[in-house]
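Notes follow the structure.
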Amino acid sequence: MVSWGIRRRPHDDIGFQRDNGLHANFARAFGAGPRPQASAVGGDGDVDVDVDVGGKGAEPLDPSPALDFLSRLGVSRHEAHVRVASALRSAIEDEVQRVPASIGPDGRHGHPALLGLLASSWQFRDVPELRPVLVCVLRRLGERVPAPMLRRLGARRAGSGTELRNGDLVGQLGPHLRRLVWEADWDAIAASGDGGGVEGGGATLGGHAILADLIRPSVRGYATDAALVRRADLAFVGTAAERRLVTRSRRTAGAGEDSSEAPGGSTADARSVMASIRMSKGGAAVAAPTGTGNDGEEKSSSSAVAVASIKEIIGDRPKLLGAVLDMLIADHATKGGRLRDGTATGSIVGGATNLTCSLVADVLLSFGQLPRSYEVLDIMARTLDSSVQSGTISDDAISQVQGCLRAIFRPTPSEQQLDRTEGTKIKLSLKPAKAPTSMFPDMPVDDSEYERKLIQRVVKTALQKMKENDPQGLFLNPVTDAIAPGYYGIIETPMCIRTMEEKMMNSTYKSIDEYKEDTLLIFSNCCKYNVGPAGQWFRTEAERQKKIWKDVILPDAKIKLKAEMLKRRNALKRISRPPPPLAFAPGKVDNAPLAGGRKKEAKEDTAINNLTVQDVKPLPPWKCKRRKIELEIPSMQCLASMLLADPFFMRVLVDKIVKILRADVLKSKTVPSGHPLLPSMFQLLNIARISTELCALNGKQCYVPDAGIRKVLQDGEDFSSSFESTRNRLPLFAKLLLDADLDRRMVAGGDLHDAALQNVLSRPVIQIKEWEGTSSLYDLRAVVECAFVHVIQPGNSHELALRNQFPRFVAALDELSGGDMLNERPFLVSLSHALLRYKSKLPHSTRDLATRCLIRWLKIGGKISPKAAVCSPLHECFIFLLNEWSLFGNLVLSRELLLSLGEEAVAASIGIDIGQKCDDTFAQIWSSDDDGFLAVKEQYTRMLSSTPEARAAKWKQKVGINATLPSSPTEGNPQVGF
Numbered sequence: 001m002v003s004w005g006i007r008r009r010p011h012d013d014i015g016f017q018r019d020n021g022l023h024a025n026f027a028r029a030f031g032a033g034p035r036p037q038a039s040a041v042g043g044d045g046d047v048d049v050d051v052d053v054g055g056k057g058a059e060p061l062d063p064s065p066a067l068d069f070l071s072r073l074g075v076s077r078h079e080a081h082v083r084v085a086s087a088l089r090s091a092i093e094d095e096v097q098r099v100p101a102s103i104g105p106d107g108r109h110g111h112p113a114l115l116g117l118l119a120s121s122w123q124f125r126d127v128p129e130l131r132p133v134l135v136c137v138l139r140r141l142g143e144r145v146p147a148p149m150l151r152r153l154g155a156r157r158a159g160s161g162t163e164l165r166n167g168d169l170v171g172q173l174g175p176h177l178r179r180l181v182w183e184a185d186w187d188a189i190a191a192s193g194d195g196g197g198v199e200g201g202g203a204t205l206g207g208h209a210i211l212a213d214l215i216r217p218s219v220r221g222y223a224t225d226a227a228l229v230r231r232a233d234l235a236f237v238g239t240a241a242e243r244r245l246v247t248r249s250r251r252t253a254g255a256g257e258d259s260s261e262a263p264g265g266s267t268a269d270a271r272s273v274m275a276s277i278r279m280s281k282g283g284a285a286v287a288a289p290t291g292t293g294n295d296g297e298e299k300s301s302s303s304a305v306a307v308a309s310i311k312e313i314i315g316d317r318p319k320l321l322g323a324v325l326d327m328l329i330a331d332h333a334t335k336g337g338r339l340r341d342g343t344a345t346g347s348i349v350g351g352a353t354n355l356t357c358s359l360v361a362d363v364l365l366s367f368g369q370l371p372r373s374y375e376v377l378d379i380m381a382r383t384l385d386s387s388v389q390s391g392t393i394s395d396d397a398i399s400q401v402q403g404c405l406r407a408i409f410r411p412t413p414s415e416q417q418l419d420r421t422e423g424t425k426i427k428l429s430l431k432p433a434k435a436p437t438s439m440f441p442d443m444p445v446d447d448s449e450y451e452r453k454l455i456q457r458v459v460k461t462a463l464q465k466m467k468e469n470d471p472q473g474l475f476l477n478p479v480t481d482a483i484a485p486g487y488y489g490i491i492e493t494p495m496c497i498r499t500m501e502e503k504m505m506n507s508t509y510k511s512i513d514e515y516k517e518d519t520l521l522i523f524s525n526c527c528k529y530n531v532g533p534a535g536q537w538f539r540t541e542a543e544r545q546k547k548i549w550k551d552v553i554l555p556d557a558k559i560k561l562k563a564e565m566l567k568r569r570n571a572l573k574r575i576s577r578p579p580p581p582l583a584f585a586p587g588k589v590d591n592a593p594l595a596g597g598r599k600k601e602a603k604e605d606t607a608i609n610n611l612t613v614q615d616v617k618p619l620p621p622w623k624c625k626r627r628k629i630e631l632e633i634p635s636m637q638c639l640a641s642m643l644l645a646d647p648f649f650m651r652v653l654v655d656k657i658v659k660i661l662r663a664d665v666l667k668s669k670t671v672p673s674g675h676p677l678l679p680s681m682f683q684l685l686n687i688a689r690i691s692t693e694l695c696a697l698n699g700k701q702c703y704v705p706d707a708g709i710r711k712v713l714q715d716g717e718d719f720s721s722s723f724e725s726t727r728n729r730l731p732l733f734a735k736l737l738l739d740a741d742l743d744r745r746m747v748a749g750g751d752l753h754d755a756a757l758q759n760v761l762s763r764p765v766i767q768i769k770e771w772e773g774t775s776s777l778y779d780l781r782a783v784v785e786c787a788f789v790h791v792i793q794p795g796n797s798h799e800l801a802l803r804n805q806f807p808r809f810v811a812a813l814d815e816l817s818g819g820d821m822l823n824e825r826p827f828l829v830s831l832s833h834a835l836l837r838y839k840s841k842l843p844h845s846t847r848d849l850a851t852r853c854l855i856r857w858l859k860i861g862g863k864i865s866p867k868a869a870v871c872s873p874l875h876e877c878f879i880f881l882l883n884e885w886s887l888f889g890n891l892v893l894s895r896e897l898l899l900s901l902g903e904e905a906v907a908a909s910i911g912i913d914i915g916q917k918c919d920d921t922f923a924q925i926w927s928s929d930d931d932g933f934l935a936v937k938e939q940y941t942r943m944l945s946s947t948p949e950a951r952a953a954k955w956k957q958k959v960g961i962n963a964t965l966p967s968s969p970t971e972g973n974p975q976v977g978f
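What the sequence shown shows, in the UniProt record's numbering, is residues 1 to 978, in sequence order.
Encoded structure:
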């Protein structure tokens, strides 16, 4: 009998012996019912029959008679033992399920009994027949399984790496218990001091925690997803439509298509990762393969499957969420902003090197209801995600992001900001924003009434165009029987333009679809009545007018209606708010005394989601060290900076800065630092730039860079990292934009061309000295790169203007980068993308400007470090660009010029002039199979594969490559570009 340690009455023990005795189990095992024994229980629950509780009436435990009897029946002792053991195990499991898992009022009820059975059954964990009892007890305890027991379950086998000592047992537990094991394992590693962020190796993505082993393949699959990498590297594009990246497609496997029912589909692949969770035969914790089918064929984007896999691993456990985020923080600290060979990119945008930041956003947004401690971070993540999906960030969104940062980067009372006049506190509230009132006094607030009047005006315009499209007036007036005999016997619902005008004047049309139905009715009535050869002309004329109406008139009406409604909604958002001043402090309250000595009580709503452009003010700079008890795990400051460093948000932010400078600063002729948004946006850029540094500190130290409005000194330390870019150099960039615009206007076809010919205007001179000393201004470099790519885009400039604009931006970038453009991958990919948009219409002068510039940058890097230049993204992008141009034939780049420029690129990358004899530097790197050179080598292989063998051999001899050309890495697969 199992002793549960539970207080029982006498008849309870007798009943258990009767129901679970040897004979009862024999009978249960062989399907025979035991003879029931009569007993009587009084109304008070006591036993009324005479039973020897001491054991004299208990069933004897001698199994020999029963075994002899079964043997005579042909049942072997082994089979009897197996059946009885199974019956007994089932009885124990049923008894375990009846015992309450929680501790009762007396302190012993249920829980201690299960713990005792757990301790006694642990020794049978390696016995397959008895292991189900242990599993049953563990499942019954659930959350109350002791932490030491969970750590035993997650213990590794000595010298086996990832293999679990009790892997077979853990494999039989449910997902919830397995997550408890991972939590206990993580807590043990963190408590031992082997974690602790970046400096410890245990609790990091590359450490030996079970959770790290599970999510490592998913993180790797996300960061190497080819489509995601290409999009992340394309930092600067021309339109908002190109900037849009629906982040939902990064988080949901099979987004945009119903693949959940397809066998082997992406959703099924993502769900199968629940065995992140599965155990290998050797007991090692492994994650299911993601992103590929049975034949290695990609079923869904690796990023979507990776996010689904991580979500399945985390489940609804906040501690696992924190552990995953903590590992991603440590990973960003060591790899963020770095290429595959560990070289820093130097680009504040980051590109694909910062995809860990994108993964943080996706994990937060796909978790569901986040814990209370993540509330502000959740608001910030969703605000940034909305901006990424729309391809632009609104002024109100900037204010809301800033409000989140104020709450996250909040100093303790002992860590006062440098700016003692810092404004109001931010109330963490998610209540909806206030409903606006109408900005039109003569129109109701109800949008349906406004839309009805707007439809009336739109339909009126459309009907006027229909009249112009019907010169004969065929559909102008109602049809009569005198004109068309028998018309009303054929046509049930007559319609004409006059009738539609009457309906419009009476406001009958409630939607544009009602107008569409009446118009289609006109044309269908005509075709229905005019049948046969006699009505051929009328049917043809009806089809002609219908086509023009469908292609021109109706789309214009819909576009106008949509645009006016959008203006209406935007106007309602701005109602009751004065225009933004140049300088202000949010939260100022007028406390002027009123009559009677009372002060006016201002009740303001400072919920983050109600913040608007009126509340924008940069955060004050500050720096502090935090005590251990103040540390948040994971650090919210690190996560906030990583959300800002997401490459898909960074390109939206940089583009917004350039647009503000063009549309607001230049047109209004104001000082850039006096704009209400620019200082705050540059501060966001710099918080993103220091994200790797903050993650390396892991919350132990925290600081906010200044916005660059004024110089700040603290204890003799210059705290104004952004002062140079925001106050001193940003006007210089505005001048660069103005000069570039003048270049465009002064060429043939520009409005200032005649003035330039008459020497009334002189072309601005390129001032290189003005940009000296700007090599540390990473934020300004990103803005200049973005503007440069916009100028290069087809349609934004002119071939003649580019001859002057190109050198201006190149001169600025030379100083901003110190001449080192080798690793500016996001900019180089974006520049290549912009040049390729010209296709076969690329002017040769623009092509020559680009090739000379890229070769010069390559040569500067080659003189400093030949190996770094040969393996650089600049080298890869240049050869890729040449290969793409060569596809257009002699219209853009002839084969001979292709090979000549390739030879110049090799010479420049090793720091020599064209014509000089190449040393063996390039040949050694070519034959070394260096991982950093593989992408460059692939582009050269592609170039030579389209060249005749004799010419290719001659080219190889010139550059010092005498080995046989290897097969193309992309043979049999379509060429994948940037």
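Yeah, the Cβ is synthetic: ideal placement off N, Cα and C, and Gly gets one too.
task: Buried or exposed for L816, please, with buried defined as at least 16 other CB atoms from any protein chain shown within 10 angstroms of its CB.
output: buried
query: In chain order, what residues of the same chain have a beta carbon less than 8 Å from the beta carbon of V784, not counting five sequence neighbours either side?
result: F733, L736, F809, A812, L813, L816
message: What I want to know is whether the C-beta of V458 ends up closer than 7 Å to one or more non-hydrogen atoms of the ligand ATP.
response: The ligand ATP is not part of this structure, which contains no ligands at all.
field: Where Q701 sits in the DSSP three-state scheme
entry: strand
- prompt: Is the segment 784–800 close to the segment 754–769, with three or more CB pairs under 8 Å?
  reply: no
query: Buried or exposed: where does Q957 fall if 16 or more other Cβ atoms within 10 Å of its Cβ makes it buried?
result: exposed
message: Cutting at 8 Å between CB atoms, please list the residues of its own chain near R89, excluding the five before and the five after it.
response: E129, L130, P132, V133
message: Check this for me: beta carbons of W885 and L874, under 8 Å apart or not?
response: no
- prompt: Does the segment 304–320 come close enough to the segment 220–240 that 3 or more CB-CB pairs lie under 8 Å?
  reply: yes
field: Same chain, Cβ closer than 8 Å to D185, five either side skipped, listed in chain order
entry: L150, R151, G154, A209, I210, L211
C638 - containing alpha helix (DSSP H), residue span: 636–644
- request: Name the residue from L619, L730, P318, V531 whose alpha carbon lies nearest to the alpha carbon of C404.
  value: L619
query: Whose C-alpha, out of G322, S673, P731, L169, is nearest the C-alpha of D706?
result: S673
field: Own chain residues within Cβ distance below 8 Å of I408, not counting five before or after
entry: V376, L377, M380, M636, Q637, A640
query: According to the neighbour-count rule (16 or more other Cβ atoms, all chains shown, within 10 Å of its Cβ), is K867 buried or exposed?
result: buried
task: Could you please give the first and the last residue of the uninterrupted alpha helix (DSSP H) stretch that includes C853?
output: 844–864
query: Is it the case that the Cβ atoms of A361 and D646 are separated by a distance below 8 Å?
result: yes
query: Hey, how far is the Cα of I491 from the Cα of F475?
result: 14 Å
- request: Figure out for me which residue from D126, L653, W926, L780 has the closest Cα to the Cα of V401.
  value: L653
- prompt: Would Q464 count as contacting chain C if we go by Cβ distances under 8 Å?
  reply: In the structure shown, chain C does not exist; there is a single protein chain.
message: Quick check on this structure: which residue in S120, R781, K859 has the alpha carbon closest to the alpha carbon of N686?
response: R781
message: When you compare the CB positions of L842 and C877, do they come within less than 8 Å of one another, or not?
response: no
- request: Report the partner residues of R156 according to the DSSP bridge assignment.
  value: L164
- request: Starting from the Cα of V135, find the closest Cα among T162, G167, K465, R157 and give me that residue.
  value: G167
- prompt: Just reading off the alpha helix (DSSP H) that C527 is part of, what are its end residues?
  reply: 512–529
message: So, at 7 Å on beta carbons, what are the nonlocal neighbours of A227 in its own chain, with the 5 sequence-adjacent residues on each side left out?
response: S301
task: Evaluate the contact criterion for the segment 464–475 versus the segment 527–537: three or more CB pairs, one atom per stretch, below 8 Å.
output: no
- request: For my contact list, Q456 and S507 are in at a C-beta cut-off of 8 Å; report their separation, rounded to the angstrom.
  value: 6 Å
task: For the alpha helix (DSSP H) holding C877, just list the boundary residues, first then last.
output: 873–886
field: Buried or exposed (CB count within 10 angstroms, at least 16 for buried), M681
entry: buried
- prompt: Exposed or buried, Q545, counting other C-beta atoms within 10 Å across all chains shown (16 or more means buried)?
  reply: buried
- prompt: Would residue 1011 be called buried (16 or more neighbouring beta carbons within 10 Å of its own) or exposed?
  reply: Since the displayed the chain opens at 1 and closes at 978, residue 1011 lies outside it and no answer follows.
query: To which residues of the same chain is A595 closer than 7 Å at the C-beta, ignoring the five residues directly before and after it?
result: Residue confidence for A595 is low, a pLDDT of 40 falling below 50, so the modelled location carries little weight and cannot support an answer.
task: Tell me the start and end of each unbroken alpha helix (DSSP H) in the segment 316–365 that is at least 4 residues and wholly inside, in chain order.
output: 318–335
- request: State the start and end residues of the unbroken alpha helix (DSSP H) segment that holds K550.
  value: Segment: none, K550 is in no alpha helix (DSSP H) and carries neither H nor E.
message: On a Cα-Cα basis, can you pick out the residue from V458, D741, P148, D233 that is closest to L802?
response: D741
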